[in-house]
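*Asks:* For the record, the sequence lines run as chains A and B. Read left to right, the first sequence gives residues 9 to 296 (our numbering). Read left to right, the second sequence gives residues 434 to 752 (our numbering).
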Amino acid sequence: MKRMSSSELIFKVLSYFFISLFIILAAYPLIYVLSASLSGRAAYETGQVFLLPKDVNFQVYEILYARNGFWISYTNTLFYTVFGTIFSMTVSAMGAYALSKKRLKFRRQYNFFVVFTMWFSAGMIPSFLNYTSMGVDNKWGIVIAFGIQAYNIILLRNYFESVPQEIEEAARIDGANEFQLFTKIYLPMSTAALATVTLFYATSRWNGYFWASILLKNPHEKPLQVFLRSEIMTYRTLIENMVTDTLEFSPDSYAYAILICSIIPILIIYPYIQKYFARGVNLGGVKG
Amino acid sequence: MKHRLKHLSKHLKTEWQLYVLLIPMLIWFVLWVYKPMGGLLIAFKQYEPIKGVMGSSFVGLYNFKQLMFSSAFGAQFWTAFRNTLLINMYGLVFGFPVPIILALFFSEISKESFRKFSQTVLYLPHFLSEVTITGIVLTLLYHGVDQTGMLASMIYKINIFGHQLVQPGTKILETARYFRPMYIITGLWKESGYNSIVYFAAIMGVSPVLYEALKVDGGNKWQEIRFVTLPGMAPTLIIMLVLRIGRMLSVGYERVLLLYNTNVYSTADVLSTFVYRIGLEGTNKSLAGAADMFNAIIGFILVIGANFISRRVSDTSLW
Numbered sequence: 009m010k011r012m013s014s015s016e017l018i019f020k021v022l023s024y025f026f027i028s029l030f031i032i033l034a035a036y037p038l039i040y041v042l043s044a045s046l047s048g049r050a051a052y053e054t055g056q057v058f059l060l061p062k063d064v065n066f067q068v069y070e071i072l073y074a075r076n077g078f079w080i081s082y083t084n085t086l087f088y089t090v091f092g093t094i095f096s097m098t099v100s101a102m103g104a105y106a107l108s109k110k111r112l113k114f115r116r117q118y119n120f121f122v123v124f125t126m127w128f129s130a131g132m133i134p135s136f137l138n139y140t141s142m143g144v145d146n147k148w149g150i151v152i153a154f155g156i157q158a159y160n161i162i163l164l165r166n167y168f169e170s171v172p173q174e175i176e177e178a179a180r181i182d183g184a185n186e187f188q189l190f191t192k193i194y195l196p197m198s199t200a201a202l203a204t205v206t207l208f209y210a211t212s213r214w215n216g217y218f219w220a221s222i223l224l225k226n227p228h229e230k231p232l233q234v235f236l237r238s239e240i241m242t243y244r245t246l247i248e249n250m251v252t253d254t255l256e257f258s259p260d261s262y263a264y265a266i267l268i269c270s271i272i273p274i275l276i277i278y279p280y281i282q283k284y285f286a287r288g289v290n291l292g293g294v295k296g
Numbered sequence: 434m435k436h437r438l439k440h441l442s443k444h445l446k447t448e449w450q451l452y453v454l455l456i457p458m459l460i461w462f463v464l465w466v467y468k469p470m471g472g473l474l475i476a477f478k479q480y481e482p483i484k485g486v487m488g489s490s491f492v493g494l495y496n497f498k499q500l501m502f503s504s505a506f507g508a509q510f511w512t513a514f515r516n517t518l519l520i521n522m523y524g525l526v527f528g529f530p531v532p533i534i535l536a537l538f539f540s541e542i543s544k545e546s547f548r549k550f551s552q553t554v555l556y557l558p559h560f561l562s563e564v565t566i567t568g569i570v571l572t573l574l575y576h577g578v579d580q581t582g583m584l585a586s587m588i589y590k591i592n593i594f595g596h597q598l599v600q601p602g603t604k605i606l607e608t609a610r611y612f613r614p615m616y617i618i619t620g621l622w623k624e625s626g627y628n629s630i631v632y633f634a635a636i637m638g639v640s641p642v643l644y645e646a647l648k649v650d651g652g653n654k655w656q657e658i659r660f661v662t663l664p665g666m667a668p669t670l671i672i673m674l675v676l677r678i679g680r681m682l683s684v685g686y687e688r689v690l691l692l693y694n695t696n697v698y699s700t701a702d703v704l705s706t707f708v709y710r711i712g713l714e715g716t717n718k719s720l721a722g723a724a725d726m727f728n729a730i731i732g733f734i735l736v737i738g739a740n741f742i743s744r745r746v747s748d749t750s751l752w
């Protein structure tokens, strides 16, 4: 162990202190939301819930479980997430692979064509008119018309570029064509980048709200976020009307419970992929 | 010419598969990003839904004049413009340094497992949706007749040297002067950890030899940060600053839309929410389109300007 100077020691102590503080600041609201969703009415409304749930009961989750709109929107969001991510990933990975090849003619121009969209977009009204004129008002419309981001394409492209040239040449000699190179060599070698971009695409699909709330015509196709929003705005009257005398939880607990249900899938998947993206995301992603 | 064509057709014959992979992506960008740009023409038209953008009659700069100088919209537009700039300015002042400081702290955590854990926790809020985040904020700050959200009652207790930060009983969500702090703090909570990733990577990239050299010269920790770490991060800092300035006009409108209400328009309404209100909730698509165009052009000028300046002063640029 080498000796530390006093200024180093101070800074180290400060670092541990502030990082611990930030962890508490980041995690506490989420823990509170979980605890408040599980707590009994009296305990919550008299302000006794601080960190851990008090008078634990699951009534609020039972009510949520019985809500029709909840399951419909949940399944819809699963649909948007699964098919949307597959669609975005396929198009992005293929395009990024092509962009990574020096033998592609007009490569610079195509790159600019993609990167430009990070800096200039048509804006809300022209986009809206385009979506409606192209018939984007249903499930598949949402899957196809949204989700692809230049940033993610550049990230994948940079990763593909870093794969050693020799491997490709060896496969060429063995008679591999472009498609085989892409699927058998490049994709298996890029799992870290693919996992990172998949996480980005999947969360943005899972979290998608604005356009889905505006464009979808059929209320049975609305995703979870739209349901979540409308419940948050109306839950107080909704709950008071629903059960009058047997209410064991505060109406707020209901809002907290759906917030928890919307977060859980992210909490489950995120730690597995987290280890990849710290490596995958760096400046390479933002520079064209 | 003929020779060139021959060359090209030979190239396509051997490399056509590459173009098959490329084309779906190009088509996607054309259909969903470039095609609507043509729709910006709506800003110069008197839009009628039946005729479409192209068929509607041309009115020159009428919409822009209406937008900026008419009594019906002028005040709202300039308020939204000012709020957009102010929210971004505060976002820059507070949102830019925090992730850098966080990355410096991360780099000091020598216990690997603790650092990994802390990064995992602090990156997480980035992946939660705006609906979720604002849902938490709205519920925690709720001020009702018989009960008050946890965060609101905590804020009421804050008292600095006898000066009450927020009067107990204030409806925080409906008070104009609290909107921007609420927006900025929410953003800090959500993005600070995640935004520290690039800076952390930059710090890790600084050559250890430089630290050793400074140590031999007897430098202390503050000098180390000042003369080694920060200069080593400079390219990253500049690129991120350029990016940030380039996005000055694109406030995360989803969050504003989900947090604001009629009582706080004076501080909360930004250009995109203004566009949304008059063009999508309302029916004035041409006027909203003009505001869109205004937003897009200024935003674009900002990117080019910031990039130009950074290339001049530091040889670092986006393109």
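No residue lacks a Cβ here, since even glycine has one placed at the ideal position from N, Cα and C.
#1: Would T204 (chain A) be called buried (16 or more neighbouring beta carbons within 10 Å of its own) or exposed?
#2: For G8 (chain A) and Y209 (chain A), which I take to be in contact (beta-carbon distance under 8 Å), what is that distance rounded to the nearest angstrom?
#3: At least one CB of chain A closer than 8 Å to the CB of Q499 (chain B): is that the case?
#4: Between D725 (chain B) and chain A, is any beta-carbon pair separated by less than 8 Å?
#5: What three-state label does DSSP hand N592 (chain B) in the structure shown?
#6: Would you call the region 602–621 of chain B in contact with the region 699–706 of chain B, where contact means no fewer than 3 C-beta pairs closer than 8 Å?
#7: Tell me the DSSP bridge mates of Q479 (chain B)?
#8: Anyone know if the C-beta pair for K498 (chain B) and V486 (chain B) falls short of 8 Å?
#9: Since T619 (chain B) sits in a beta bridge, which residues does DSSP pair it with?
#10: Output, in chain order, the set of chain B residues within a Cβ distance shorter than 9 Å of E169 (chain A).
#11: Sorted by chain position, which residues of the same chain lie with C-beta nearer than 8 Å to L561 (chain B)'s C-beta, five sequence neighbours on each side aside?
#12: Considering H440 (chain B), what are the terminal residues of the alpha helix (DSSP H) in which it resides?
#13: Extract the residue ranges of the alpha helix (DSSP H) inside the region 206–282 of chain A, only unbroken runs of 4 or more that lie entirely within it.
#14: I'd like the span of the alpha helix (DSSP H) that includes G471 (chain B), first residue to last.
#15: Out of curiosity, what's the CA-to-CA distance linking L223 (chain A) and K439 (chain B)?
#16: Alpha carbon to alpha carbon, how far is N496 (chain B) from G488 (chain B)? Give it in angstroms, no decimals.
#17: Taking Cβ-Cβ distances below 7 Å as the criterion, which residues of the region 697–724 of chain B are in contact with chain A?
#18: If you draw a straight line from the C-alpha of G620 (chain B) to the C-alpha of I636 (chain B), how long is it?
#19: Hey, how far is the Cα of L291 (chain A) from the Cα of F190 (chain A)?
#20: Say whether chain B places a C-beta atom closer than 8 Å to the C-beta of I31 (chain A).
#21: Which one of A:Y284, A:I268, A:I274 and A:I281 has the shortest CA to CA distance from V68 (chain A)?
#22: Taking the beta carbon of E70 (chain A) as the centre, do at least 16 other beta carbons fall within 10 Å, making it buried, or is it exposed?
#23: With distances taken between CB atoms, is the gap from M122 (chain A) to I161 (chain A) smaller than 8 Å?
#24: Taking the alpha carbon of L519 (chain B) as the reference point, which residue from B:Y616, B:K590, B:I483 and B:L455 has its own alpha carbon closest?
#25: Under the DSSP definition of a beta bridge, which residues are partnered with Q597 (chain B)?
#26: Can you tell me whether A265 (chain A) is buried or exposed? The criterion is at least 16 other CB atoms within 10 Å of its CB, across all chains shown.
#27: Is I18 (chain A) near the ligand FMN, in the sense that its beta carbon is under 7 Å from a heavy atom of that ligand?
#28: Going straight from the alpha carbon of I274 (chain A) to that of A513 (chain B), what length do you get?
#29: How big is the Cα-Cα spacing for D725 (chain B) and A508 (chain B)?
#30: If I measure Cβ to Cβ from K718 (chain B) and keep anything under 7 Å in the same chain, skipping five residues before and after, which residues do I get?
#31: Residues of chain A with CB under 7 Å from P558 (chain B), in chain order?
#32: Rounded to a whole number of angstroms, what is the C-alpha to C-alpha distance between N740 (chain B) and V526 (chain B)?
#33: Between the region 586–597 of chain B and the region 644–663 of chain B, are three or more C-beta pairs nearer than 8 Å?
#34: With a threshold of 8 Å on Cβ separation, who are the neighbours of W127 (chain A) within its own chain once the five nearest residues in sequence on each side are excluded?
#35: What separation, rounded to the nearest whole angstrom, lies between the Cα atoms of Q56 (chain A) and Y686 (chain B)?
#36: My output table needs one value for T581 (chain B): the three-state DSSP class, helix, strand or coil.
*Replies:* In short:
#1: Reading the first sequence from its first residue, position 196 is the one you call residue 204 (chain A). T204 (chain A) is buried by the Cβ-count criterion.
#2: Nothing about residue 8 (chain A) can be reported from this structure: the residues present for chain A run from 9 to 296 only.
#3: Your numbering for residue 499 (chain B) matches position 66 in the second sequence. Q499 (chain B) does not count as touching chain A.
#4: Working through the second sequence from its first residue, we reach residue 725 (chain B) at position 292. Yes, D725 (chain B) lies at the interface with chain A (some Cβ there is under 8 Å from its Cβ).
#5: Taking the second sequence and counting its residues from 1, one reaches residue 592 (chain B) at position 159. Shown here, N592 (chain B) sits in a strand according to DSSP, grouped into three states.
#6: Short answer: they touch.
#7: Here residue 479 (chain B) refers to the residue found at position 46 when the second sequence is read from its first residue. DSSP, once it has assigned bridges, lists B:S490 as partnering Q479 (chain B).
#8: Against the second sequence, residue 498 (chain B) aligns to sequence position 65. Against the second sequence, residue 486 (chain B) aligns to sequence position 53. No, they are not a contact pair.
#9: On the second sequence, residue 619 (chain B) is found 186 positions in, with the first residue counted as 1. Answer by DSSP bridge pairing: none, since T619 (chain B) is not bridged.
#10: Reading the first sequence from its first residue, position 161 is the one you call residue 169 (chain A). Here the premise fails: no neighbours, minimum Cβ distance about 14 Å.
#11: In the second sequence, residue 561 (chain B) corresponds to position 128, counting from 1. Here L561 (chain B) has K623 as same chain residues with Cβ atoms under 8 Å from its own Cβ, once five neighbours each way along the sequence are excluded.
#12: As a working mapping, residue 440 (chain B) is identified with position 7 in the second sequence. Start and end: K435 to F462.
#13: 218–223 and 232–250
#14: As a working note, residue 471 (chain B) is residue 38 in the second sequence. Unbroken alpha helix (DSSP H) run through G471 (chain B): K468 to G471.
#15: For this step, residue 223 (chain A) is matched to residue 215 along the first sequence. For this step, residue 439 (chain B) is matched to residue 6 along the second sequence. One C-alpha to the other measures close to 48 Å.
#16: Along the second sequence, one-based indexing puts residue 488 (chain B) at 55. Along the second sequence, one-based indexing puts residue 496 (chain B) at 63. Looking at the two C-alpha atoms, the distance is approximately 17 Å.
#17: Against chain A - using a Cβ distance shorter than 7 Å - the residues of the region 697–724 of chain B are S705, V708, Y709, G712, L713, K718, A721 and G722.
#18: Mapped onto the second sequence, residue 620 (chain B) falls at position 187. Mapped onto the second sequence, residue 636 (chain B) falls at position 203. C-alpha separation (whole angstroms): 24 Å.
#19: Looking up residue 291 (chain A) in the first sequence gives position 283. Looking up residue 190 (chain A) in the first sequence gives position 182. With a pLDDT of 42 at L291 (chain A), under the threshold of 50, the modelled position of this residue cannot be trusted; read the value that follows with caution. So the two alpha carbons sit approximately 25 Å from each other.
#20: As a position in the first sequence, residue 31 (chain A) is number 23, starting the count at 1. Yes, contact with chain B.
#21: Here residue 68 (chain A) is taken as the residue at index 60 of the first sequence, counted from 1. Among A:Y284, A:I268, A:I274 and A:I281, the Cα nearest to that of V68 (chain A) is on A:I268.
#22: Here the question's residue 70 (chain A) lines up with position 62 in the first sequence. E70 (chain A) should be labelled exposed.
#23: Locating residue 122 (chain A) in the first sequence gives position 114, counting from the first residue. Locating residue 161 (chain A) in the first sequence gives position 153, counting from the first residue. It should be pointed out that residue 122 (chain A) corresponds to Val in this sequence rather than to Met. Contact flag set, yes.
#24: Sequence index remark: in the second sequence, residue 519 (chain B) carries index 86 (1-based). Per the Cα distances, B:Y616.
#25: One-based indexing of the second sequence puts residue 597 (chain B) at position 164. DSSP lists B:N592 as partners of Q597 (chain B).
#26: One-based indexing of the first sequence puts residue 265 (chain A) at position 257. A265 (chain A) comes out buried.
#27: Annotation note on the ligand FMN: not contained in the displayed structure, which lists no ligands.
#28: Looking up residue 274 (chain A) in the first sequence gives position 266. Looking up residue 513 (chain B) in the second sequence gives position 80. For I274 (chain A) and A513 (chain B), the distance between alpha carbons rounds to 34 Å.
#29: Sequence index remark: in the second sequence, residue 725 (chain B) carries index 292 (1-based). Sequence index remark: in the second sequence, residue 508 (chain B) carries index 75 (1-based). Cα to Cα, D725 (chain B) sits roughly 17 Å from A508 (chain B).
#30: Locating residue 718 (chain B) in the second sequence gives position 285, where the first residue counts as 1. Hits under 7 Å: I475, Y480 and G712.
#31: One-based indexing of the second sequence puts residue 558 (chain B) at position 125. Simply A34.
#32: Taking the first residue of the second sequence as position 1, residue 740 (chain B) is located at position 307. Taking the first residue of the second sequence as position 1, residue 526 (chain B) is located at position 93. Across the structure, N740 (chain B) and V526 (chain B) are spaced so that their CA atoms are roughly 19 Å apart.
#33: no
#34: To locate residue 127 (chain A), count along the first sequence from 1; it is residue 119. Closer than 8 Å at Cβ, skipping near neighbours: no residue.
#35: One-based indexing of the first sequence puts residue 56 (chain A) at position 48. One-based indexing of the second sequence puts residue 686 (chain B) at position 253. Going from the Cα of Q56 (chain A) to the Cα of Y686 (chain B) covers about 36 Å.
#36: The count along the second sequence starts at 1 and reaches residue 581 (chain B) at position 148. DSSP places T581 (chain B) in strand when its eight states are reduced to three.
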